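Have a look at the structure below, then the notes.
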Amino acid sequence: MSTSDEIPGTGLITLDSLDLAALVASRVCHDVISPVGAIVNGLEILEDEKDEGMRGFAFDLIKKSAAQASARLQFCRIAFGAAGSAAAMLDLGDAEQVARGFVEDQKTKLIWEAPRQLLPKNKVKLLLNLVLVAATTIPRGGAITVSAVGEGEATEFKLATEGPHARVPANVLDLLAGRAPDDRIDAHVIQPFYAGLVARAAEMTVTIEAEVEGERIVTWARVAA
4 MSTSDEIPGT
14 GLITLDSLDL
24 AALVASRVCH
34 DVISPVGAIV
44 NGLEILEDEK
54 DEGMRGFAFD
64 LIKKSAAQAS
74 ARLQFCRIAF
84 GAAGSAAAML
94 DLGDAEQVAR
104 GFVEDQKTKL
114 IWEAPRQLLP
124 KNKVKLLLNL
134 VLVAATTIPR
144 GGAITVSAVG
154 EGEATEFKLA
164 TEGPHARVPA
174 NVLDLLAGRA
184 PDDRIDAHVI
194 QPFYAGLVAR
204 AAEMTVTIEA
214 EVEGERIVTW
224 ARVAA
């Protein structure tokens with residue numbers, strides 16, 4: 004099927020498996036290309052620079068960028084990758100670790116209140132993808148609070164984001180529901196679209212609501228009725 008094909012009776016946009024794989028790979032490359040490029044720049048400085056101050060700067064740049072690239076790859080391995088067999092169970096503790104390494108910085112704080120437990124792979128993949136979606140609701144930074152309700156197959160997730168000018172990005176709700184702007188999918192919008200695919204595979208529904216005069220956004224992933 005092409006990106007303009009629809010499942011009869013659902014109105015959902017579908018993707019050829021090769022197109023989906025290519026777009027997700029493009030997203031992963033986008034996430035790691037910046038720190039990898041910074042490592043290359045640092046190595047070039049070390050090769051050409053004799054000043055000890057600049058060499059120290061280059062070492063710091065390489066160290067920081069390598070840690071960032073590693074954190075992003077570890078996150079993407081679980082959020083987008085196989086990370087075990089189709090029936091694998093994943094640890095929420097591992098999800099917290101990779102999520103913290105990916106999203107936490109000087110502007111964004113991650114508050115993880117979900118208890119450690121083993122959950123079906125698609126539930127954990129969905130949670131990590133929703134962390135990415137939640138981060139887009141606070142473009143100027145803030146806090147993302149992740150919590151879980153229930154246990155095992157009945158576990159549901161709540162992600163609350165707070166920050167200045169918090170907002171739900173345009174089209175994200177449609178993308179999560181499998182509907183695309185202009186009936187097309189590209190690398191710029193593949194992540195929330197992919198999150199919706201994972202939600203349906205996990206038999207969960209995702210809702211996003213604005214609260215407290217637009218300064219707080221709440222994302223729920225609930226078990227489908």
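Residue numbering for the sequence shown follows my numbering, beginning at 4 and increasing consecutively. Each residue gets a CB set at the ideal place from its N, CA and C atoms; glycine is no exception. Keep in mind the model is a prediction, meaning the values are calculated, not measured.
Per-residue burial, residue i [other beta carbons within 10 Å of its own, 16 or more giving buried]
{"i": "Pro195", "result": "buried"}
{"i": "Ser68", "result": "buried"}
{"i": "Val175", "result": "buried"}
{"i": "Gly12", "result": "Here Gly12 scores only 36 on pLDDT, less than 50, and its place in the model should not be relied on; the value that follows carries that caveat. Classification for Gly12: exposed."}
{"i": "Pro38", "result": "buried"}
{"i": "Arg187", "result": "exposed"}
{"i": "Val106", "result": "buried"}
{"i": "Leu46", "result": "exposed"}
{"i": "Ala157", "result": "exposed"}
{"i": "Val43", "result": "exposed"}
{"i": "Gly59", "result": "exposed"}
{"i": "Ala85", "result": "exposed"}
Same chain, Cβ closer than 8 Å to residue i, five either side skipped, listed in chain order
{"i": "Val2", "result": "Because the chain spans 4 through 228 in this model, residue 2 falls outside it and cannot be assessed."}
{"i": "Val201", "result": "Asn125, Lys128, Leu129, Asn132"}
{"i": "Ile147", "result": "Val106, Thr111, Lys112, Leu113, Ile114, Val134, Ala137, Ala138, Ile141, Leu162, Ala163, Thr164"}
{"i": "Ile81", "result": "Leu93, Asp97, Ala98, Val101, Val127, Lys128, Leu131"}
Supposed contact pair residue j and residue i - C-beta distance, whole angstroms, cut 8 Å
{"i": "Lys126", "j": "Trp223", "result": "Not a contact, Cβ separation roughly 14 Å."}
{"i": "Val149", "j": "Trp115", "result": "5 Å"}
{"i": "Leu21", "j": "Arg182", "result": "Going by Cβ atoms, the distance from Leu21 to Arg182 rounds to 22 Å, so no, they are not a contact pair."}
{"i": "Ala190", "j": "Leu26", "result": "5 Å"}
{"i": "Val209", "j": "Leu179", "result": "5 Å"}
N-terminal and C-terminal residue of the alpha helix (DSSP H) that residue i is part of
{"i": "Val39", "result": "20-51"}
{"i": "Glu116", "result": "It is not in any alpha helix (DSSP H) - Glu116 carries neither H nor E in the DSSP assignment."}
{"i": "Phe83", "result": "First-last for Phe83: undefined, no H or E at that position."}
{"i": "Val134", "result": "124-138"}
{"i": "Ile147", "result": "Where Ile147 is concerned, there is no enclosing alpha helix (DSSP H), although the beta strand (DSSP E) it sits in stretches over 145-152."}
{"i": "Val175", "result": "175-179"}
{"i": "Ala202", "result": "193-204"}
Extent of the continuous beta strand (DSSP E) to which residue i belongs
{"i": "Asp94", "result": "92-94"}
{"i": "Ala227", "result": "Taken as a continuous stretch (DSSP letters only), Ala227 belongs to no beta strand (DSSP E), as it is neither H nor E."}
{"i": "Ile211", "result": "207-214"}
{"i": "Leu162", "result": "159-165"}
Beta-carbon proximity list for residue i, same chain, < 6 Å, skipping 5 on both sides
{"i": "Arg203", "result": "none"}
{"i": "Pro172", "result": "Thr139"}
{"i": "Thr111", "result": "Gly144"}
Own chain, CB closer than 7 Å to residue i, minus 5 neighbours either side, in chain order
{"i": "Glu218", "result": "Glu165, Ala169"}
{"i": "Ala41", "result": "Leu64, Ser68"}
Residue i beta carbon near the ligand PLP (any heavy atom closer than 6 Å)
{"i": "Ile193", "result": "Absence of the ligand PLP is noted for the structure shown, with no ligands found whatsoever."}
Requested in this report: Examine the Cβ distances between the stretch 53-65 and the stretch 93-110 and report whether three or more of them are shorter than 8 Å.
Outcome: Too few Cβ pairs lie closer than 8 Å, so no.
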